[in-house]
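There are 2 protein chains.
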Amino acid sequence: MATTQQPNAVQPMLTDLYQISMAYAYWKSGKHQDESTFDLFFRKNPFGGEYALFAGLEDCLKFIENYKFQKSDIDYLQTVMPDYIEKEFFDFLLNINMNDIKIYAIPEGSVSFPRVPLLRIEGPILKAQLLETTLLTLINYASLVATNAARFRAAVDPSKKFYELGLRRAQGPDGGLSASKYCYLGGFDGTSNVLAGKLYGIPIRGTHAHAYINSYQNLEELKNKELTDRITGESRPFVQLCLKYLDELGPILKVLPDQTHKGELAAFIAYATAFPSGFLALVDTYDVLKSGVPNFLAVVLALHECQYEAVGLRLDSGDISYLSLEVRAKFIEVAQKFNLPFIEHLTIVASNDINEDTLHSLEKQGHAVDIFGIGTHLVTCQRQPALGCVYKLVELNGIPRIKVSQDIEKVTIPGRKDLYRLYDTNGKALCDLMTKTDEPAPIAGERVLCRHPFFATKRAYVTPTSVQCMYKLYWANGQIQHALPAWHEVRSFAQQQIETLRKDHRRNLNPTPYKVSVSDSLHLFLHKLWMSSVPIGELA
Amino acid sequence: MATTQQPNAVQPMLTDLYQISMAYAYWKSGKHQDESTFDLFFRKNPFGGEYALFAGLEDCLKFIENYKFQKSDIDYLQTVMPDYIEKEFFDFLLNINMNDIKIYAIPEGSVSFPRVPLLRIEGPILKAQLLETTLLTLINYASLVATNAARFRAAVDPSKKFYELGLRRAQGPDGGLSASKYCYLGGFDGTSNVLAGKLYGIPIRGTHAHAYINSYQNLEELKNKELTDRITGESRPFVQLCLKYLDELGPILKVLPDQTHKGELAAFIAYATAFPSGFLALVDTYDVLKSGVPNFLAVVLALHECQYEAVGLRLDSGDISYLSLEVRAKFIEVAQKFNLPFIEHLTIVASNDINEDTLHSLEKQGHAVDIFGIGTHLVTCQRQPALGCVYKLVELNGIPRIKVSQDIEKVTIPGRKDLYRLYDTNGKALCDLMTKTDEPAPIAGERVLCRHPFFATKRAYVTPTSVQCMYKLYWANGQIQHALPAWHEVRSFAQQQIETLRKDHRRNLNPTPYKVSVSDSLHLFLHKLWMSSVPIGELA
Chain A
1 MATTQQPNAV QPMLTDLYQI SMAYAYWKSG KHQDESTFDL FFRKNPFGGE
51 YALFAGLEDC LKFIENYKFQ KSDIDYLQTV MPDYIEKEFF DFLLNINMND
101 IKIYAIPEGS VSFPRVPLLR IEGPILKAQL LETTLLTLIN YASLVATNAA
151 RFRAAVDPSK KFYELGLRRA QGPDGGLSAS KYCYLGGFDG TSNVLAGKLY
201 GIPIRGTHAH AYINSYQNLE ELKNKELTDR ITGESRPFVQ LCLKYLDELG
251 PILKVLPDQT HKGELAAFIA YATAFPSGFL ALVDTYDVLK SGVPNFLAVV
301 LALHECQYEA VGLRLDSGDI SYLSLEVRAK FIEVAQKFNL PFIEHLTIVA
351 SNDINEDTLH SLEKQGHAVD IFGIGTHLVT CQRQPALGCV YKLVELNGIP
401 RIKVSQDIEK VTIPGRKDLY RLYDTNGKAL CDLMTKTDEP APIAGERVLC
451 RHPFFATKRA YVTPTSVQCM YKLYWANGQI QHALPAWHEV RSFAQQQIET
501 LRKDHRRNLN PTPYKVSVSD SLHLFLHKLW MSSVPIGELA
Chain B
1 MATTQQPNAV QPMLTDLYQI SMAYAYWKSG KHQDESTFDL FFRKNPFGGE
51 YALFAGLEDC LKFIENYKFQ KSDIDYLQTV MPDYIEKEFF DFLLNINMND
101 IKIYAIPEGS VSFPRVPLLR IEGPILKAQL LETTLLTLIN YASLVATNAA
151 RFRAAVDPSK KFYELGLRRA QGPDGGLSAS KYCYLGGFDG TSNVLAGKLY
201 GIPIRGTHAH AYINSYQNLE ELKNKELTDR ITGESRPFVQ LCLKYLDELG
251 PILKVLPDQT HKGELAAFIA YATAFPSGFL ALVDTYDVLK SGVPNFLAVV
301 LALHECQYEA VGLRLDSGDI SYLSLEVRAK FIEVAQKFNL PFIEHLTIVA
351 SNDINEDTLH SLEKQGHAVD IFGIGTHLVT CQRQPALGCV YKLVELNGIP
401 RIKVSQDIEK VTIPGRKDLY RLYDTNGKAL CDLMTKTDEP APIAGERVLC
451 RHPFFATKRA YVTPTSVQCM YKLYWANGQI QHALPAWHEV RSFAQQQIET
501 LRKDHRRNLN PTPYKVSVSD SLHLFLHKLW MSSVPIGELA
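These protein sequence lines are chains A and B, in that order. Per full-length UniProt numbering, residue 1 is the first one in the first sequence, and the count goes up by one each step. Per full-length UniProt numbering, residue 1 is the first one in the second sequence, and the count goes up by one each step.
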């Protein structure tokens with residue numbers, strides 16, 4: 001079995017070598033027990049938006065829970081690291097666990113913002129440093145693709161459904177699995193990925209491909225020409241029924257019944273015979289309106305005569321706006337002519353290289369699509385293929401650390417911090433507020449000064465109707481501290497979280513900036529440290 | 001252990017549900033044994049280039065070799081598929097293997113071109129169809145990122161080295177592993193990814209991060225102030241030596257020695273103490289030229305006095321062209337002043353958000369970088385995040401199939417085909433030629449008519465100096481038919497393959513199109529089938 005050949009990738013060895021090099025340098029200097037605090041955060045919202053969905057926490061906690069180097073790992077490291085590395089270090093590494101690490105985090109599925117620590121990691125510097133790469137790997141793509149999914153979802157009317165079909169275009173096998181899992185979190189309704197369905201309980205969907213349609217050339221190839229009536233159990237001449245209805249449809253749809261592709265019709269019939277209650281047909285292999293739709297509707301009517309109700313059709317090429325509206329018009333016409341109202345409401349699925357802009361454009365032009373199937377642009381996050389979370393040291397042995405930079409965006413906010421979200425009377429988020437952990441929390445109904453971290457003049461008084469403390473202690477004493485919610489609960493939570501943002505923060509074009517602020521005390525503390533870390537320059 | 005929690009993703013369940021639905025429809029119609037041929041190919045070269053490196057074949061073969069549904073897979077499928085699916089189908093699925101499938105392919109690491117089948121898959125349609133998604137998943141990203149790596153590599157002088165650092169920005173854990181593996185195939189010299197090193201034997205590299213530098217505030221924090229002479233074993237006052245050399249460097253580098261950051265110096269000293277023969281320092285935490293470089297060179301000189309030779313420094317921000325040239329100039333000056341020639345040649349590593357354009361621009365502006373460390377833009381393939389391989393039915397039961405489309409790019413080339421590469425006297429590839437499998441192969445020294453598949457007027461006679469038959473039968477009779485080469489051999493082969501392309505096909509801007517042609521016989525065959533598949537339209 002394939003499962004025995006490659007080990008699971010989520011393990012301590014899934015890291016950058018410099019983490020091991022640093023670990024040795026800390027250990028060799030007797031510094032490895034220094035008590036550190038790291039912040040994990042991103043600097044810029046993805047996709048030109050004003051928020052990101054935070055995802056990947058459960059994966060991080062499971063990774064930490066199972067953190068253990070194997071003997072074979074140590075053997076390998078000994079072969080690749082310099083031979084003067086002391087042997088005791090490798091013994092030390094082999095016995096490491098994360099029991100004296102603490103992880104504070106915002107809940108998975110939360111909306112989150114630049115500079116806000118998603119995770120605050122506390123503990124011996126050697127261990128906290130060893131976690132860096134894997135935590136970033138687990139959070140960066142998960143959060144990015146979940147946010148992408150949420151944006152796709154938000155681009156069209158909430159009544160529409162979304163399925164993720166990106167497996168074949170993802171970064172290899174596990175890239176595909178991550179995509180399916182986190183697109184569901186971001187609001188998608190399911191995936192085509194069978195393994196994701198099995199592992200995560202995500203709804204899976206799928207019908208057939210062009211190759212299936214192409215595999216039939218004519219009706220003579222059909223070995224089975226009958227279908228059993230769903231109620232009576234009687235055997236019905238299904239192929240004949242389909243041909244009869246095709247003839248009747250000719251004048252209504254203004255096509256010559258003998259010009260529809262009979263290989264396509266044969267494929268539809270064979271598929272309907274296999275899935276009489278789940279008939280959904282791909283109609284664009286030849287010509288959507290002249291062949292696919294008449295063939296499809298002939299089978300729909302024949303199925304109805306055998307007391308089955310068809311599901312719908314899929315469009316995978318062409319102008320989705322035009323074609324879906326044309327198809328819906330034909331559905332309406334046929335529904336009236338045959339007095340079968342369900343035909344009007346048959347599902348139209350579209351799956352043709354759709355991205356966020358296409359969705360906005362479809363909403364503007366008008367369309368009749370019920371379900372979107374989206375692959376490439378969703379899972380590759382074409383518009384911005386990386387989130388860019390970073391992991392920065394902010395305190396060591398009780399002394400705050402700052403990373404200065406000529407680029408203000410890259411200056412870190414030093415020290416251990418708490419995070420609060422302040423809400424208005426409508427339950428909408430007003431701003432995020434970071435405080436020093438030794439400060440009192442803001443209080444509902446009381447005015448608090450919220451300051452921009454870097455610009456002294458940008459500041460405002462806020463009187464929140466309610467205040468939410470954002471961090472929970474998720475990992476301490478070698479144990480996950482909260483029962484983790486089921487995956488569909490995380491998904492619902494994420495949807496509720498998006499609703500806590502005002503619409504102007506969520507809109508696609510030029511959204512209103514959401515304010516991430518610091519307390520007055522943290523502002524002053526930051527600036528004092530910043531000033532003392534940057535020597536006065538000398539010009540000439 | 002984490003390895004027991006998630007199964008390996010490369011397994012039959014890593015597929016789109018529609019493959020299972022189609023399998024049932026084929027089975028139910030008694031069509032599942034129909035003898036099919038599928039082509040796997042891409043339609044457009046990535047990154048605006050004229051070639052792609054083919055990668056992922058070994059993964060595909062191992063997947064096929066181990067193809068087996070587990071009982072738990074079948075149990076799951078039974079819960080999600082309609083309850084009228086016949087139980088015998090699930091028994092059938094449980095017992096499937098790929099022993100009657102044949103896989104022809106071009107060798108892994110080959111240069112490849114649009115429309116050329118990378119794989120030709122033959123066998124019962126149900127099984128060949130079941131392979132589609134996983135094969136695409138395994139080939140699409142592997143080939144894309146290998147090609148990206150090759151392009152990055154080709155952008156600068158061949159003497160430079162390249163390391164892949166993209167793990168934290170990849171599509172999750174296995175995305176990161178795929179990236180490391182296939183960037184190495186594409187010509188990179190190694191990775192930071194420790195697990196990739198362990199699993200694939202790829203060289204790994206890494207030093208330290210900004211957090212490491214930030215973890216020291218001053219020299220007093222250093223517990224160990226000595227270093228042992230490499231030759232004599234004598235203990236030397238290492239901190240004192242560093243400070244002495246920093247003083248001496250002051251006038252040479254035109255800095256005030258007491259203005260360099262002493263926390264940075266402490267971090268360098270601690271790191272050099274741990275890795276005296278492997279000292280490579282990150283010099284941009286504070287100010288590269290006023291702090292990082294003087295501190296670095298002080299440690300280099302002190303190490304030299306203890307008879308160790310330092311490796312170099314890393315730049316992770318700022319203007320890489322300017323900074324690297326400035327740093328090299330300082331190296332030269334210090335090498336002369338101290339009469340230590342090795343200092344002139346210390347390694348300069350650059351790792352600041354580099355993409356292909358940055359590399360071309362650096363080559364134009366001039367720089368003194370020896371090693372590039374590249375992450376985000378490499379592994380996410382920012383410029384084109386998906387290759388878009390497809391999998392098309394081209395023959396069934398001996399009868400050719402064509403997929404027609406109003407978009408000529410999307411028309412498939414029907415039938416079972418062979419593939420030849422024709423070379424000139426210099427061993428450079430002239431063109432690729434597809435033939436029908438029942439045609440004779442082109443012969444070296446004999447003129448052959450090469451035609452554009454779709455445009456009748458585009459054709460040329462070619463007299464190749466040598467002819468290479470591109471396909472090998474890799475899988476048949478339930479066995480891999482060729483011993484697969486070691487990974488470093490695949491890498492060398494890929495580098496040789498790129499050399500078989502003329503430079504004008506390889507250049508970055510407006511490369512000369514490489515011709516993919518068909519034989520006269522295949523051209524006529526294709527057009528006859530195409531014409532007969534498209535009914536004559538009627539305008540009004």
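Just so it is clear, CB atoms sit at the ideal spot from N, CA and C, and this is done for glycine as well.
- Fewer than three beta-carbon pairs drawn from the region 394-402 of chain B and the region 159-171 of chain B are found closer than 8 Å, and the two stretches are therefore not classed as touching.
- Rounded to the nearest angstrom, the gap between the Cα atoms of residue 338 of chain A and residue 236 of chain A is 20 Å.
- Secondary structure within the region 480-514 of chain A: the alpha helix (DSSP H) runs of 4 or more consecutive residues, fully enclosed, are 487-499, 503-506 (chain order).
- Between residue 444 of chain B and the set B/50, B/420, B/336, B/154, the nearest pair of CA atoms involves B/420.
- Nearest C-alpha to residue 473 of chain A among A/107, A/48, A/24, A/45: A/107.
- Under the 10 Å beta carbon count, residue 345 of chain B is surrounded by fewer than 16 other beta carbons and is classified as exposed.
- Nearest neighbour of residue 376 of chain B by Cα position, chosen from A/374, A/375, A/373, A/380, turns out to be A/380.
- Judged by beta-carbon spacing, residue 103 of chain B lies within the 8 Å limit of residue 121 of chain B, meaning their Cβ atoms are closer than that value.
- Under the DSSP assignment, residue 434 of chain B falls outside any alpha helix (DSSP H), being part of the beta strand (DSSP E) whose first and last residues are 429-436.
- Rounded to the nearest angstrom, the gap between the Cα atoms of residue 60 of chain B and residue 170 of chain B is 21 Å.
- Per DSSP, the unbroken alpha helix (DSSP H) holding residue 242 of chain B starts and ends at 238-253.
- Exposure of residue 527 of chain B is indicated by the presence of fewer than 16 other C-beta atoms within 10 angstroms of its C-beta.
- Taking C-beta separations shorter than 7 Å and ignoring five residues to either side along the sequence, the partners of residue 286 of chain A in its chain run 261, 264, 292, following chain order.
- With 16 or more other CB atoms across the displayed protein chains lying within 10 angstroms of its CB, residue 385 of chain A is buried.
- Counting along the chain, residue 365 of chain A sits inside the alpha helix (DSSP H) bounded by residues 356-365.
- Taking 8 Å as the cut-off, the beta carbon of residue 134 of chain B is found no closer than this to the beta carbon of residue 186 of chain B.
- Per the DSSP secondary-structure output, residue 119 of chain A pairs in a beta bridge with A/40, A/105.
- Ranked by Cα distance from residue 486 of chain B, the options B/323, B/201, B/336 are led by B/201.
- For a cut-off of 8 Å, the C-beta gap from residue 312 of chain B to residue 284 of chain B is around 14 Å, too long to register as a contact.
- The residue from A/113, A/498, A/320 with its alpha-carbon nearest to that of residue 360 of chain A is A/320.
- For the region 12-46 of chain A, the set of residues with a beta-carbon nearer than 9 Å to any beta-carbon of chain B comprises 12, 13, 14, 15, 16, 17, 18, 19, 20, 21, 22, 24, 25, 26, 27, 28, 29, 30, 31, 34, 36, 38, in chain order.
- What residue 304 of chain A touches in chain B, judged by beta-carbon distance under 9 Å, is nothing: the nearest beta carbon there is about 17 Å away.
- Our two residues, residue 366 of chain A and residue 357 of chain A, have alpha carbons roughly 14 Å apart in a direct line.
- Closer than 8 Å to the CB of residue 209 of chain B there is at least one CB belonging to chain A.
- DSSP, reduced to helix, strand and coil, places residue 140 of chain A within a helical segment of the structure shown.
- Separation of residue 259 of chain B and residue 511 of chain B (C-alpha to C-alpha, rounded to the nearest whole angstrom) is 51 Å.
- Listed along the chain, the chain B residues whose CB falls inside 7 Å of the CB of residue 271 of chain A are 25.
- By the rule that beta-carbons nearer than 8 Å mark a contact, residue 370 of chain A does not touch chain B.
- Residues of the region 111-130 of chain B that bring their beta carbon within less than 7 Å of a beta carbon in chain A comprise 125, 129, in sequence order.
- At a cut-off of 8 Å between beta-carbon atoms, residue 348 of chain A makes no contact with chain B.
- Per DSSP, reduced to three states, the secondary structure at residue 200 of chain A is helical.
- In this structure, the beta-carbon distance from residue 130 of chain A to residue 15 of chain A falls below 8 Å.
- Residue A/417 holds the alpha-carbon nearest to the alpha-carbon of residue 119 of chain A among A/166, A/505, A/417.
- For residue 349 of chain B, the enclosing beta strand (DSSP E) has its first and last residue at 347-350.
- Residue 308 of chain B and residue 269 of chain B have their C-alpha atoms spaced approximately 13 Å apart.
- Against chain B, a Cβ distance below 7 Å from residue 174 of chain A picks out 9, 172, 173, 174, 175.
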